[in-house]
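Worksheet for the structure shown next.
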Amino acid sequence: MKSLNSRQARPRGPNTARHGYSLCQHQVENRPPIPAFHQSIGRRICSSPANAASASESKPTLRACCNAASKLSAVLLAVGLVCGSACTKSSPADQGSAKPDAVSAAKRIRQPAVAGLFYPSDPAALRRAIDAYLKDAKDYKLSSVRAIVVPHAGYQYSGLTAAHAYKQVSGKPYKTVVILAPSHYALFKGACVCGADEFETPLGRVPISPLAKELVKHKPFVAEAPCRVQRPAWARQSPRPAPPVGEDTPHTWEHSDEVQVPFLQQSLTAFAVLPIIFGTVDPAEAARALAEKLDDQTLLVASSDLSHYYPYERAREMDKKCVDAICRLDIESMATQEACGKDPILCLMHIARQKGWTAQMLDYRNSGDTAGDKSGVVGYSAIAFTARSETQYTKEERKALLNLARKCLTEVVTHDRLPDAKASDFTPRCSEEKGCFVTLTKNGVLRGCIGNIMPNGPLWKSVMENARNAAIRDYRFPPVHPDELRQIEIEISVLTVPQPLKFDSPDDLVKKLRPHKDGVVLELGLRTATYLPQVWEQISNPVQFLSSLSMKAGAGPDDWRRPGTRVLVYQVEAFKESEM
Numbered sequence: 119m120k121s122l123n124s125r126q127a128r129p130r131g132p133n134t135a136r137h138g139y140s141l142c143q144h145q146v147e148n149r150p151p152i153p154a155f156h157q158s159i160g161r162r163i164c165s166s167p168a169n170a171a172s173a174s175e176s177k178p179t180l181r182a183c184c185n186a187a188s189k190l191s192a193v194l195l196a197v198g199l200v201c202g203s204a205c206t207k208s209s210p211a212d213q214g215s216a217k218p219d220a221v222s223a224a225k226r227i228r229q230p231a232v233a234g235l236f237y238p239s240d241p242a243a244l245r246r247a248i249d250a251y252l253k254d255a256k257d258y259k260l261s262s263v264r265a266i267v268v269p270h271a272g273y274q275y276s277g278l279t280a281a282h283a284y285k286q287v288s289g290k291p292y293k294t295v296v297i298l299a300p301s302h303y304a305l306f307k308g309a310c311v312c313g314a315d316e317f318e319t320p321l322g323r324v325p326i327s328p329l330a331k332e333l334v335k336h337k338p339f340v341a342e343a344p345c346r347v348q349r350p351a352w353a354r355q356s357p358r359p360a361p362p363v364g365e366d367t368p369h370t371w372e373h374s375d376e377v378q379v380p381f382l383q384q385s386l387t388a389f390a391v392l393p394i395i396f397g398t399v400d401p402a403e404a405a406r407a408l409a410e411k412l413d414d415q416t417l418l419v420a421s422s423d424l425s426h427y428y429p430y431e432r433a434r435e436m437d438k439k440c441v442d443a444i445c446r447l448d449i450e451s452m453a454t455q456e457a458c459g460k461d462p463i464l465c466l467m468h469i470a471r472q473k474g475w476t477a478q479m480l481d482y483r484n485s486g487d488t489a490g491d492k493s494g495v496v497g498y499s500a501i502a503f504t505a506r507s508e509t510q511y512t513k514e515e516r517k518a519l520l521n522l523a524r525k526c527l528t529e530v531v532t533h534d535r536l537p538d539a540k541a542s543d544f545t546p547r548c549s550e551e552k553g554c555f556v557t558l559t560k561n562g563v564l565r566g567c568i569g570n571i572m573p574n575g576p577l578w579k580s581v582m583e584n585a586r587n588a589a590i591r592d593y594r595f596p597p598v599h600p601d602e603l604r605q606i607e608i609e610i611s612v613l614t615v616p617q618p619l620k621f622d623s624p625d626d627l628v629k630k631l632r633p634h635k636d637g638v639v640l641e642l643g644l645r646t647a648t649y650l651p652q653v654w655e656q657i658s659n660p661v662q663f664l665s666s667l668s669m670k671a672g673a674g675p676d677d678w679r680r681p682g683t684r685v686l687v688y689q690v691e692a693f694k695e696s697e698m
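Under the numbering used here, the sequence shown has 281 at position 163, and the numbering climbs by one with no breaks.
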């Protein structure tokens, strides 16, 4: 992105066309049953046998996605179904020839449905597989991780990508993990909260959080209850006993939450889990109800794969747009992307925007990378959401960046060149991609300010470029002269990624701005301008702030009131030489 000064307007290019195609969670295919899988160590683990072969074939055809293996009838799709009252129990006499119910009378246990299908059923093999994935995953050394987006295909397809997310939370003191997962087999309205007491996997049982009983009191969350469920073709191979016909719930066969639990068991200790399956839900409504229940010891997990069955390069292109929308917290753009867990992700994004979290991609690959067949692939990504700290950068890191800016200023002004610098000179945090501005003041008066709003390479490189540009390329000032160097103070502002601010009217916009906290990007057609949060110190009135910013963009002082105005906000961590 082109460097900007904090008072400079820039043209905005046309919007990039986005793909609006998405998979319907209820559109699944009729397939014959698959042969039984061998559960020996080293066997090929099924991610989802949606293209299952017939029983007469010698080998099953495996799919690297999360699609169900059967299709609801057109009549069923046309019926609006709602989860009813709490799940009922039937007596053994009522079950006839059906397998015993999975929920015991003494304690309700959510038994594993896809152990041996999506992941190993042998505990030792399962631990070895997860540990190997975690060992190979990169540790970004993130602090204050509040949420992650993870895939839910079979471990052989997406296990390494999932491990990149779980590596960031490994060993952290979370007490509650809320799993937001899409429904693949049930048709219902609401977000169905698991009604069991414990969640079981081959690695043992995890208690269900007491938050479950509280959450079902608030719409759109509903208690677990029987509803219309199309059992997957692999249900016959499932280790879970099938309930009597008509007693399946959204949680009975769902794999998108279950595959997360073994990773959590290997990564955390002493935690409770709360699986929530999304049917037809307004993500914003779910976010409002859930957000107030969260604390610093709660981890949110949004379960989702990305695009499905496109050729390799096409899938990568589509998935990049999807991941970019998530990391920008661009809800409007994300709503047009393809991801089977789009609603859980959107719910998370609403919460992240409300709480000021930032998102970072940890890993991306697709089944063409992990399984080899690139003719029709499924995309996977791991993304972490972190809470922003007021002092994200240590004193030593701040000094290192300010010293770099000072060296750049001196070298550029005296020798017209940048100093030598390399990534090994800085901490990993200083090498993260961040937007930043470098501000020069002379005796307290602005002398230059240039920066990039959006991330554009490692932070330390952006500091170098912006220090040079502030010194000699700010069109409002003549280039800095060597005689001025001792009188100039340097301030660095590191930006969060700007997020769109929704508002219904000019008055609503004024009410939603947060003076002294928000930097503002104002977009008036092709005219764009920004003010850093520090500008609130000179213009504390929001109306005057917007009018000044509008004129800075080359428009009239009241043009920000016109329809079509777009506003984005961001926050900064600023530090200057006099504070060191």
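Glycine included, C-beta positions come from ideal geometry on N, C-alpha and C. The structure displayed is predicted, hence computed values, not measured ones.
Problem set entry | Range covered by the alpha helix (DSSP H) that runs through residue 415 | Counting along the chain, residue 415 falls outside any alpha helix (DSSP H), and DSSP gives it neither H nor E.
For this session: Can you check the segment 491-553 for any alpha helix (DSSP H) of at least 4 residues that lies completely inside it and give the ranges in chain order?
Result: 513-533
Exercise. Between residue 325 and the rest of its own chain, which residues show a CB-CB distance below 6 Å, the 5 nearest in sequence each way excluded?
Worked result: 316, 390
For this session: State the Cα-Cα distance for the pair residue 309 and residue 339, rounded to the nearest angstrom.
Result: 5 Å
For this session: Would you check if the segment 271-290 and the segment 375-383 touch, i.e. whether three or more CB-CB distances between them fall below 8 Å?
Result: yes
For this session: Please name the residue in 253, 558, 651 whose C-alpha comes closest to that of residue 591.
Result: 558
Problem set entry | Closest by C-alpha distance to residue 692, when choosing among 684, 555, 320, 305 | With distances taken between Cα atoms, residue 692 lies closest to 555.
For this session: Under 8 Å by Cβ, that's how I've got residue 397 and residue 350 pegged, so tell me the actual separation to the nearest angstrom.
Result: Not quite, the Cβ-Cβ distance comes to about 17 Å (not below 8 Å), so this is no contact.
Exercise. Under the rule that 16 or more other beta-carbon atoms within 10 Å means buried, what is residue 148, buried or exposed?
Worked result: Low confidence applies to residue 148: its pLDDT is 29, below 50, so where it sits in the model is not reliable enough to give any reading.
Exercise. Hey, how far is the Cα of residue 543 from the Cα of residue 694?
Worked result: 20 Å
Problem set entry | Other residues of its chain near residue 133: CB distance less than 8 Å, five sequence neighbours each side excluded | Legend: pLDDT at residue 133 = 31, less than 50; position of this residue unreliable, no value from coordinates given.
For this session: Return the CA-CA distance between residue 613 and residue 674, expressed in angstroms with no decimal places.
Result: 27 Å
Problem set entry | Per-residue DSSP class, three states only, for residue 363 | coil
Exercise. Apart from the five residues just before and just after residue 318, which ones in its own chain have a Cβ nearer than 7 Å to its Cβ?
Worked result: Cβ within range, chain order: 227, 228, 229, 230.
Exercise. In three-state DSSP terms, what is residue 268?
Worked result: strand
Exercise. Since residue 299 contacts residue 375 with CB under 8 Å, what's their CB separation in whole angstroms?
Worked result: 4 Å
Problem set entry | alpha helix (DSSP H) runs contained entirely in the segment 548-605, provided each spans 4 or more residues | Correct list: 577-590.
For this session: Quick one: residues in its chain with C-beta nearer than 7 Å to the C-beta of residue 687, no 5 flanking neighbours on either side, listed in chain order?
Result: 616, 617, 619, 636, 637, 638
For this session: Kindly indicate the opening and closing residues of the alpha helix (DSSP H) around residue 381.
Result: Looking at the DSSP string, the run of the alpha helix (DSSP H) that includes residue 381 is 378-385.
Problem set entry | Residue-chain proximity (residue 470, chain B), Cβ-Cβ < 9 Å | Absent from the structure is chain B; it holds one protein chain and no more.
For this session: Count the other C-beta atoms from every protein chain shown that fall within 10 angstroms of the C-beta of residue 256, then say buried if there are 16 or more, exposed otherwise.
Result: exposed
Problem set entry | Given residue 345 as reference, the closest of 314, 304, 333 once Cα atoms are compared | Taking only the C-alpha atoms, the option nearest residue 345 is 304.
For this session: Report yes if the CB atom of residue 520 is closer than 9 Å to the CB atom of residue 698, and no otherwise.
Result: yes
Problem set entry | Top-ranked residue by Cα proximity to residue 267, from 505, 594, 498, 624 | 498
For this session: Kindly indicate which three-state DSSP category residue 307 falls into: helix, strand or coil?
Result: strand
Problem set entry | residue 697, DSSP secondary structure in three states | DSSP, reduced to helix, strand and coil, places residue 697 within a helical segment of the structure shown.
Problem set entry | Extent of the continuous beta strand (DSSP E) run through residue 318 | Start and end: 316-319.
Exercise. What are the boundary residues of the beta strand (DSSP E) that includes residue 273?
Worked result: Looking at the DSSP string, residue 273 is not in any beta strand (DSSP E); the run it does join, the alpha helix (DSSP H), is 273-287.
Exercise. Cα separation between residue 522 and residue 604?
Worked result: 16 Å
Problem set entry | Assumed close pair residue 581, residue 606 - CB separation to whole angstroms, cut-off 8 Å | In this structure residue 581 does not touch residue 606 by the C-beta definition: roughly 15 Å separates them, more than the 8 Å allowed.
For this session: On the DSSP bridge assignment, give the partners of residue 346 in chain order.
Result: 305
For this session: Would you check if the segment 289-298 and the segment 417-429 touch, i.e. whether three or more CB-CB distances between them fall below 8 Å?
Result: Contact holds: three or more Cβ-Cβ distances are below 8 Å.
Exercise. On the premise that residue 265 lies in contact with residue 475, defined as a C-beta separation below 8 Å, what is that separation, rounded to the nearest angstrom?
Worked result: Rounded, the Cβ-Cβ distance is 7 Å, consistent with contact.
For this session: Look at the alpha carbon of residue 252 and the alpha carbon of residue 530, and state the distance between them as a whole number of angstroms.
Result: 45 Å
Exercise. Using a Cβ-Cβ cut-off of 7 Å (strictly less than) and excluding sequence neighbours within five positions of residue 537, which residues of its own chain qualify?
Worked result: 525, 526, 529
Exercise. Cβ atoms of residue 285 and residue 385: under 9 Å apart, would you say?
Worked result: yes
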